[in-house]
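Visitor:
2 protein chains.
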Amino acid sequence: MSRSIHLNLFIHGRGHHEAGWRHPGATRKALTDVSYFADLARRAEAGRFDSIFFADSLELGDGARYVASGALEPLTTLAALARETSHIGLIATASTTYTEPFNLARQFASLDHISGGRVGWNIVTSWVGGAAPNFGYDRTPEHSERYARADEFVEVVKALWDSWADDAIIDDVTSGRFLNRGRVRRIDWKGRFYSVAGPLNLPRSPQGRPVLVQAGSSATGKAFAARHAEAVFTAHLTKASAADFYAELKQATIAAGRRADEVVILPGLSAAIGSTDAEGQALLEELNGLTDIDVGLSRLSNRFGGHDFSTLPLDQPLSRDDFPDPSTVQAAQSRAVVITDLVARERPTLRTLLRQLAGARGHFALAGSPERIADVIEDWTESRAADGFNIMPPVLPAQLDIFVDHVIPVLQKRGIFRREYAADTLRGHYGLTRPVNPHFHS
Amino acid sequence: MSRSIHLNLFIHGRGHHEAGWRHPGATRKALTDVSYFADLARRAEAGRFDSIFFADSLELGDGARYVASGALEPLTTLAALARETSHIGLIATASTTYTEPFNLARQFASLDHISGGRVGWNIVTSWVGGAAPNFGYDRTPEHSERYARADEFVEVVKALWDSWADDAIIDDVTSGRFLNRGRVRRIDWKGRFYSVAGPLNLPRSPQGRPVLVQAGSSATGKAFAARHAEAVFTAHLTKASAADFYAELKQATIAAGRRADEVVILPGLSAAIGSTDAEGQALLEELNGLTDIDVGLSRLSNRFGGHDFSTLPLDQPLSRDDFPDPSTVQAAQSRAVVITDLVARERPTLRTLLRQLAGARGHFALAGSPERIADVIEDWTESRAADGFNIMPPVLPAQLDIFVDHVIPVLQKRGIFRREYAADTLRGHYGLTRPVNPHFHS
Ligand SMILES: Cc1cc2nc3c(=O)[nH]c(=O)nc-3n(C[C@H](O)[C@H](O)[C@H](O)COP(=O)(O)O)c2cc1C
Ligand SMILES: Cc1cc2nc3c(=O)[nH]c(=O)nc-3n(C[C@H](O)[C@H](O)[C@H](O)COP(=O)(O)O)c2cc1C
Numbered sequence: 001m002s003r004s005i006h007l008n009l010f011i012h013g014r015g016h017h018e019a020g021w022r023h024p025g026a027t028r029k030a031l032t033d034v035s036y037f038a039d040l041a042r043r044a045e046a047g048r049f050d051s052i053f054f055a056d057s058l059e060l061g062d063g064a065r066y067v068a069s070g071a072l073e074p075l076t077t078l079a080a081l082a083r084e085t086s087h088i089g090l091i092a093t094a095s096t097t098y099t100e101p102f103n104l105a106r107q108f109a110s111l112d113h114i115s116g117g118r119v120g121w122n123i124v125t126s127w128v129g130g131a132a133p134n135f136g137y138d139r140t141p142e143h144s145e146r147y148a149r150a151d152e153f154v155e156v157v158k159a160l161w162d163s164w165a166d167d168a169i170i171d172d173v174t175s176g177r178f179l180n181r182g183r184v185r186r187i188d189w190k191g192r193f194y195s196v197a198g199p200l201n202l203p204r205s206p207q208g209r210p211v212l213v214q215a216g217s218s219a220t221g222k223a224f225a226a227r228h229a230e231a232v233f234t235a236h237l238t239k240a241s242a243a244d245f246y247a248e249l250k251q252a253t254i255a256a257g258r259r260a261d262e263v264v265i266l267p268g269l270s271a272a273i274g275s276t277d278a279e280g281q282a283l284l285e286e287l288n289g290l291t292d293i294d295v296g297l298s299r300l301s302n303r304f305g306g307h308d309f310s311t312l313p314l315d316q317p318l319s320r321d322d323f324p325d326p327s328t329v330q331a332a333q334s335r336a337v338v339i340t341d342l343v344a345r346e347r348p349t350l351r352t353l354l355r356q357l358a359g360a361r362g363h364f365a366l367a368g369s370p371e372r373i374a375d376v377i378e379d380w381t382e383s384r385a386a387d388g389f390n391i392m393p394p395v396l397p398a399q400l401d402i403f404v405d406h407v408i409p410v411l412q413k414r415g416i417f418r419r420e421y422a423a424d425t426l427r428g429h430y431g432l433t434r435p436v437n438p439h440f441h442s
Numbered sequence: 001m002s003r004s005i006h007l008n009l010f011i012h013g014r015g016h017h018e019a020g021w022r023h024p025g026a027t028r029k030a031l032t033d034v035s036y037f038a039d040l041a042r043r044a045e046a047g048r049f050d051s052i053f054f055a056d057s058l059e060l061g062d063g064a065r066y067v068a069s070g071a072l073e074p075l076t077t078l079a080a081l082a083r084e085t086s087h088i089g090l091i092a093t094a095s096t097t098y099t100e101p102f103n104l105a106r107q108f109a110s111l112d113h114i115s116g117g118r119v120g121w122n123i124v125t126s127w128v129g130g131a132a133p134n135f136g137y138d139r140t141p142e143h144s145e146r147y148a149r150a151d152e153f154v155e156v157v158k159a160l161w162d163s164w165a166d167d168a169i170i171d172d173v174t175s176g177r178f179l180n181r182g183r184v185r186r187i188d189w190k191g192r193f194y195s196v197a198g199p200l201n202l203p204r205s206p207q208g209r210p211v212l213v214q215a216g217s218s219a220t221g222k223a224f225a226a227r228h229a230e231a232v233f234t235a236h237l238t239k240a241s242a243a244d245f246y247a248e249l250k251q252a253t254i255a256a257g258r259r260a261d262e263v264v265i266l267p268g269l270s271a272a273i274g275s276t277d278a279e280g281q282a283l284l285e286e287l288n289g290l291t292d293i294d295v296g297l298s299r300l301s302n303r304f305g306g307h308d309f310s311t312l313p314l315d316q317p318l319s320r321d322d323f324p325d326p327s328t329v330q331a332a333q334s335r336a337v338v339i340t341d342l343v344a345r346e347r348p349t350l351r352t353l354l355r356q357l358a359g360a361r362g363h364f365a366l367a368g369s370p371e372r373i374a375d376v377i378e379d380w381t382e383s384r385a386a387d388g389f390n391i392m393p394p395v396l397p398a399q400l401d402i403f404v405d406h407v408i409p410v411l412q413k414r415g416i417f418r419r420e421y422a423a424d425t426l427r428g429h430y431g432l433t434r435p436v437n438p439h440f441h442s
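Respectively, the protein sequence lines represent chains U and P. Sequence positions in the first sequence follow UniProt numbering and run 1 to 442. Sequence positions in the second sequence follow UniProt numbering and run 1 to 442.
What follows is the structure, encoded as structure tokens:
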């Protein structure tokens with residue numbers, strides 16, 4: 001029997017392709033208009049997606065000049081969308097580097113209550129350089145320091161989520177007893193970075209704990225995922241690289257004392273879909289034709305901690321030597337490795353590389369008919385390169401509609417994707433169990 | 001002509017009376033069930049209230065044992081309610097002591113976009129002692145230190161809200177230019193407490209700036225309000241005290257270089273309403289009969305920074321000497337003054353005092369017919385003791401329904417309250433103008 005797959009919709013501006021917003025298939029609504037996002041969420045729910053996801057960056061990037069950006073904040077947005085949807089999971093990104101664990105634990109627990117158990121937290125350490133000066137730092141804390149904080153941060157947050165027994169509320173009008181204080185505990189955390197007394201000031205949430213999602217892929221990032229993550233987003237340009245990552249992370253998860261199925265691995269997939277392969281290809285070329293070299297250069301530079309690539313020739317094959325050593329990159333190390341590996345392997349020109357990255361910023365990009373997209377999805381999951389995909393439509397909403405109307409029915413016919421929701425919570429959709437509360441026996 | 005008044009609904013658990021949750025008129029829904037709050041918001045909107053408001057405390061208080069508490073977080077809750085309502089203002093409390101200005105500015109701006117310009121921020125410095133240890137502090141920063149931080153915090157937040165010109169977004173698909181970077185500025189704030197580069201990562205919000213609300217009433221608190229607040233919540237046990245406060249704050253606002261009508265003053269009013277005065281009185285007595293002495297003692301102790309009142313006799317007249325000097329109280333100084341003044345004036349027994357405070361925690365409490373409630377509202381506003389009221393129903397939703405169905409029509413008939421909304425934003429309802437952006441000329 002074939003494996004059933006998981007699909008997350010990554011919502012990003014007016015589409016993931018850098019020039020997607022300029023395409024006629026893109027919405028003309030403002031990115032501050034929540035009705036646009038509500039509409040996407042409802043379409044994804046109609047397509048039976050497991051979840052939708054908002055990324056987040058704590059700075060206004062340089063790209064904003066030429067790319068539709070400057071958008072709503074994820075937690076407030078998903079709270080608004082929670083009431084417009086009934087089943088789909090809602091994943092918000094939030095940073096461990098620039099927030100307080102008590103505030104973060106509380107907002108996510110609140111959102112889990114509001115949505116009836118549909119929330120996930122994409123844990124990030126915020127690699128973008130522009131965030132630090134918005135929070136009193138001269139520069140971004142080092143990669144290893146960020147992950148050390150993140151590790152402790154997540155432990156604190158879990159302890160806060162577990163600070164109420166599921167049965168703590170008595171709510172007895174007759175006796176006047178509301179809360180069983182013996183079923184609520186302080187956490188009295190005193191660690192290297194955080195000191196938090198607790199308890200949290202709201203009851204344990206429907207999922208017990210919101211689903212922990214992560215997308216780091218440096219060695220440190222993968223070790224972190226193996227310990228904590230219940231779903232992992234990851235970027236690969238080839239199936240082989242995805243399969244390596246998959247095997248390595250499942251193994252590391254087992255080594256960390258968890259089961260392999262306690263982590264759902266979702267590589268990114270940006271599909272330019274047409275009714276035929278040729279039409280899909282034409283769409284991608286149309287989009288590439290709308291990109292801007294300067295935007296691409298500035299984004300590439302960002303990935304490599306500010307390195308200047310603008311002096312390189314545009315139309316000669318690149319080599320690995322044209323790039324700084326990725327291990328010296330403090331920002332997004334793993335993405336830097338993906339890019340330099342690609343350069344070493346394929347020797348693209350700078351122009352070709354920028355276009356390739358414009359499509360999906362280092363994620364797998366594909367153009368073709370619905371059947372072809374479904375084939376790739378099935379092939380990667382059957383080959384244990386993925387448990388499903390993080391779907392990144394190049395143009396929104398047009399390419400989401402085509403995915404829902406034409407790719408999902410193919411997956412359903414093949415028996416690898418749900419026709420109806422079988423669960424009401426994000427944990428349910430991902431096949432994850434509700435964590436027992438280690439501090440309270442029932 | 002009579003003055004038109006403003007009404008804010010203060011939503012608090014299952015009602016403001018300490019024992020309200022035990023009354024048959026209280027909801028039986030869980031406090032984590034957002035549909036309960038959505039229902040209240042819609043009822044308030046049907047009654048044409050200016051706004052609804054959620055208070056917030058960053059700890060789980062001791063009272064939780066006997067009082068319905070442990071509730072959703074205000075920003076996520078109001079984001080959910082934004083989509084269930086279309087006109088009513090949405091005021092969330094957030095702390096300047098335990099959050100980062102960038103995160104707070106952003107979530108409020110996001111919510112202002114999501115709600116189409118209906119958001120207010122109740123600025124608090126968090127007086128409850130239990131918050132500090134949830135954020136790495138041994139104890140609550142001193143009163144003056146908290147207000148000094150708050151002052152700078154608010155300046156930073158305003159600067160972030162003003163970091164985009166209203167016309168910064170070009171969104172020109174043809175030229176590929178999305179943002180006019182010249183109409184977005186860094187704020188480069190370097191102050192005593194905060195260093196924040198900016199700009200914010202989302203466009204200026206519909207109201208320009210969310211409405212600034214405040215409820216401090218120490219001398220420092222009032223000076224802060226005079227500088228920053230556009231609406232003020234305040235607690236008074238007598239009309240005379242409210243009138244003094246009103247005159248003082250309007251004067252201080254003028255002295256701070258603003259107009260008197262740039263601040264809307266809303267004292268709290270908790271009305272136990274029956275079809276006759278006797279019925280209202282009976283309801284209040286019924287509620288008082290459901291209170292618990294221990295809950296009252298623990299709350300009173302909290303107001304006085306942990307002072308122990310449990311050794312005092314319950315049924316003998318109190319005197320001022322039974323209380324610590326309010327000026328030594330680091331928590332909520334002004335409320336401590338209100339209480340000791342009451343004791344000096346009325347010499348109540350401890351039992352009577354606790355019952356009086358149980359009704360509305362030091363706010364004006366009243367029992368009677370709809371006409372009587374309307375009379376008080378009109379009298380206080382005509383006498384310049386108030387610009388309107390912060391309505392605190394003792395039992396929710398029953399007493400809100402009665403207020404909407406029976407008090408509001410009386411106010412409308414008297415021509416002092418709107419029959420239909422005349423504006424779409426909270427600024428519009430409160431008669432406040434949209435702040436011009438000082439950094440950009442149109
Ligand atoms: C699909 C996907 C989404 C991501 N979303 C965010 C995000 O919203 N905010 C962020 O700061 N980083 C985001 N990241 C970056 C990762 O959190 C991580 O920093 C990056 O993959 C580099 O890994 P490393 O930190 O282990 O070197 C994302 C990565 C992926 C693959
Ligand atoms: C109606 C009203 C609502 C309030 N809501 C909150 C709140 O949600 N959170 C909080 O920490 N303080 C709240 N306060 C307390 C005030 O912010 C302030 O701390 C208190 O009035 C004492 O004033 P002072 O700080 O100037 O001494 C509220 C006060 C009033 C009158």
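Yeah, the Cβ is synthetic: ideal placement off N, Cα and C, and Gly gets one too. Given the structure is predicted, the values throughout are model-derived calculations rather than measurements.
Tell me the DSSP secondary structure of Lys190/U in three-state form.
Guide: What you label residue 190/U is simply residue 190 of the first sequence in a count that begins at 1. Strand, per DSSP.
Visitor: Just to check, is the beta-carbon of Ala235/P closer than 6 Å to a non-hydrogen atom of ligand 2?
Guide: Locating residue 235/P in the second sequence gives position 235, counting from the first residue. Ala235/P Cβ: within cutoff of ligand 2.
Visitor: Determine whether the beta carbon atoms of Val404/P and Arg43/P lie at a separation below 7 Å.
Guide: Here residue 404/P refers to the residue found at position 404 of the second sequence. Here residue 43/P refers to the residue found at position 43 of the second sequence. Result yes, Cβ atoms of Val404/P and Arg43/P sit closer than 7 Å.
Visitor: Taking the straight line between their C-alpha atoms, what separation do you get for Leu40/U and Ala82/U?
Guide: Here the question's residue 40/U lines up with position 40 in the first sequence. Here the question's residue 82/U lines up with position 82 in the first sequence. Straight-line Cα distance between these residues: approximately 13 Å.
Visitor: Please find out if some non-hydrogen atom of ligand 1 comes closer than 6 Å to the beta-carbon of Ala55/U.
Guide: Taking the first residue of the first sequence as 1, we reach residue 55/U at position 55. Yes, Cβ of Ala55/U sits closer than 6 Å to a heavy atom of ligand 1.
Visitor: Could you please tell me which residues of the stretch 288 to 311 of chain U, in chain order, have their CB closer than 8 Å to any CB of chain P?
Guide: Leu290 and Asp292
Visitor: Using the beta-carbon of each residue, which ones in chain U are nearer than 9 Å to Ala153/P?
Guide: Within the second sequence, numbered from 1, the residue matching residue 153/P stands at position 153. One detail in the question is off: residue 153/P reads as Phe in this sequence, not Ala. What Phe153/P touches in chain U: nothing, since even the nearest Cβ is about 12 Å away.
Visitor: Specify whether the stretch 45 to 63 of chain U and the stretch 294 to 312 of chain U touch according to this definition: at least 3 beta carbon pairs, one from each stretch, less than 8 Å apart.
Guide: yes
Visitor: Give a yes or no on whether the C-beta atoms belonging to Pro394/P and Ala215/P are separated by under 7 Å.
Guide: Translated into the one-based positions of the second sequence, residue 394/P becomes position 394. Translated into the one-based positions of the second sequence, residue 215/P becomes position 215. Their beta carbons are not under 7 Å apart, which means Pro394/P does not touch Ala215/P by this criterion.
Visitor: Let me know if Val157/U comes out buried or exposed under the rule of 16 or more other beta-carbons within 10 Å of its beta-carbon.
Guide: What you label residue 157/U is simply residue 157 of the first sequence in a count that begins at 1. Buried, because 16 or more other Cβ atoms sit within 10 Å of the Cβ of Val157/U.
Visitor: I want to verify the contact list: residues of chain P whose CB lies under 7 Å from the CB of Ala71/U, in sequence order.
Guide: Position 71 of the first sequence, counted from the first residue, corresponds to residue 71/U. Under the 7 Å cutoff, chain P gives Leu202.
Visitor: Mind listing which residues of the stretch 132 to 157 of chain U have their C-beta closer than 8 Å to chain P's C-betas, in chain order?
Guide: Pro133, Asn134, Phe135 and Gly136
Visitor: Which residues in chain U have a C-beta closer than 8 Å to the C-beta of Glu371/P? List them in chain order.
Guide: Start at 1 with the first residue of the second sequence, and residue 371/P comes out as number 371. Simply none; closest approach about 31 Å.
Visitor: Give me, in chain order, the residues of the same chain whose beta-carbon lies closer than 8 Å to that of Leu31/U; leave out the 5 immediate sequence neighbours on both sides.
Guide: As a working mapping, residue 31/U is identified with position 31 in the first sequence. Residues Gly13, Arg14, Ala68, Ser69, Gly70, Ala71 and Leu72 of the same chain have their beta carbon placed closer than 8 Å to that of Leu31/U, with the five preceding and five following residues left out of the count.
Visitor: Pull the bridge partners of Ser217/P from the DSSP assignment, please.
Guide: Along the second sequence, read from residue 1 onward, the residue named residue 217/P stands at position 217. Ser217/P is not bridged to any residue.
Visitor: If you pair each beta-carbon of the stretch 88 to 104 of chain U with each one of the stretch 148 to 164 of chain U, do three or more pairs fall below 8 Å?
Guide: yes
Visitor: Do Ser270/U and ligand 1 come close, with the Cβ less than 6 Å from some heavy atom?
Guide: Here residue 270/U refers to the residue found at position 270 of the first sequence. Checking every heavy atom of ligand 1 against the Cβ of Ser270/U, none is found closer than 6 Å.
Visitor: What number of angstroms, rounded off, separates the C-alpha of Leu283/U from the C-alpha of Asp292/U?
Guide: Translated into positions along the first sequence, residue 283/U becomes position 283. Translated into positions along the first sequence, residue 292/U becomes position 292. Approximately 17 Å, taken between the alpha carbons.
Visitor: Where does His406/P fall in DSSP's three states?
Guide: Within the second sequence, residue 406/P is the residue found at index 406, counting from 1. DSSP places His406/P in helix when its eight states are reduced to three.
Visitor: Taking Gly362/U as the reference, which of Leu269/U, Ala226/U, Ile402/U and Asn122/U has the closest Cα?
Guide: Counted from its first residue, the first sequence places residue 362/U at position 362. Here the closest residue by C-alpha is Leu269/U.
Visitor: Once DSSP output is grouped into helix, strand and coil, what is the label at Phe389/U?
Guide: Start at 1 with the first residue of the first sequence, and residue 389/U comes out as number 389. Residue state, collapsed to three classes: strand.
Visitor: Enumerated in chain order, which unbroken segments of the beta strand (DSSP E) with a length of 3 residues or greater are wholly contained in the stretch 15 to 103 of chain P?
Guide: 51 to 54 and 89 to 95
Visitor: State buried or exposed for Asp325/U, treating a residue as buried only when at least 16 other CB atoms are found within 10 Å of its CB.
Guide: By 1-based counting over the first sequence, the position of residue 325/U is 325. Exposed is the call here.
Visitor: Helix, strand or coil, according to DSSP, for Asp112/U in the structure here?
Guide: Taking the first residue of the first sequence as 1, we reach residue 112/U at position 112. Here Asp112/U sits in helix by DSSP.
Visitor: What's the gap between the Cα of Asp261/P and the Cα of Glu371/P?
Guide: Counting from one through the second sequence, the residue named residue 261/P turns up at place 261. Counting from one through the second sequence, the residue named residue 371/P turns up at place 371. Rounded to whole angstroms, Asp261/P to Glu371/P spans 28 Å at the Cα level.
Visitor: Rounded to whole angstroms, what's the CA-CA distance from Asp341/P to Ile377/P? Just pull it up for me.
Guide: By 1-based counting over the second sequence, the position of residue 341/P is 341. By 1-based counting over the second sequence, the position of residue 377/P is 377. Cα to Cα, the separation comes out at about 23 Å.
Visitor: Any Cβ of chain U within less than 7 Å of the Cβ of Val128/P?
Guide: Locating residue 128/P in the second sequence gives position 128, counting from the first residue. Cβ-Cβ to chain U under 7 Å: no for Val128/P.
Visitor: For the stretch 132 to 203 of chain P, which segments carrying the alpha helix (DSSP H) assignment without a break, of at least 4 residues, lie completely within its bounds, in sequence order?
Guide: 143 to 161
Visitor: Against chain U, which members of the stretch 86 to 98 of chain P pass a CB distance test of less than 7 Å?
Guide: Cβ contacts with chain U come from Tyr98.
Visitor: On the three-pair Cβ rule with 8 Å, is the stretch 182 to 200 of chain P touching the stretch 229 to 239 of chain P?
Guide: no
Visitor: Compute every distance between the C-beta of Thr93/P and the non-hydrogen atoms of ligand 2, then say whether any falls below 6 Å.
Guide: As a first step, residue 93/P must be located in the second sequence, where it is residue number 93. Yes, the Cβ of Thr93/P comes within 6 Å of a heavy atom of ligand 2.
Visitor: For residue 451/U, would you say it is in contact with chain P, using Cβ-to-Cβ distances shorter than 7 Å as the test?
Guide: Because chain U in this structure spans residues 1 to 442, residue 451/U falls outside the shown range and cannot be described.
Visitor: Leaving out five residues on either side along the sequence, give the residues of the same chain with a beta carbon under 6 Å from the beta carbon of His143/U.
Guide: Reading the first sequence from its first residue, position 143 is the one you call residue 143/U. Around His143/U: Gln330.
Visitor: May I ask whether a heavy atom of ligand 2 can be found less than 6 Å away from the beta carbon of Ser126/P?
Guide: Numbered from 1 along the second sequence, position 126 holds the residue referred to as residue 126/P. Correct: Ser126/P has its Cβ closer than 6 Å to ligand 2.
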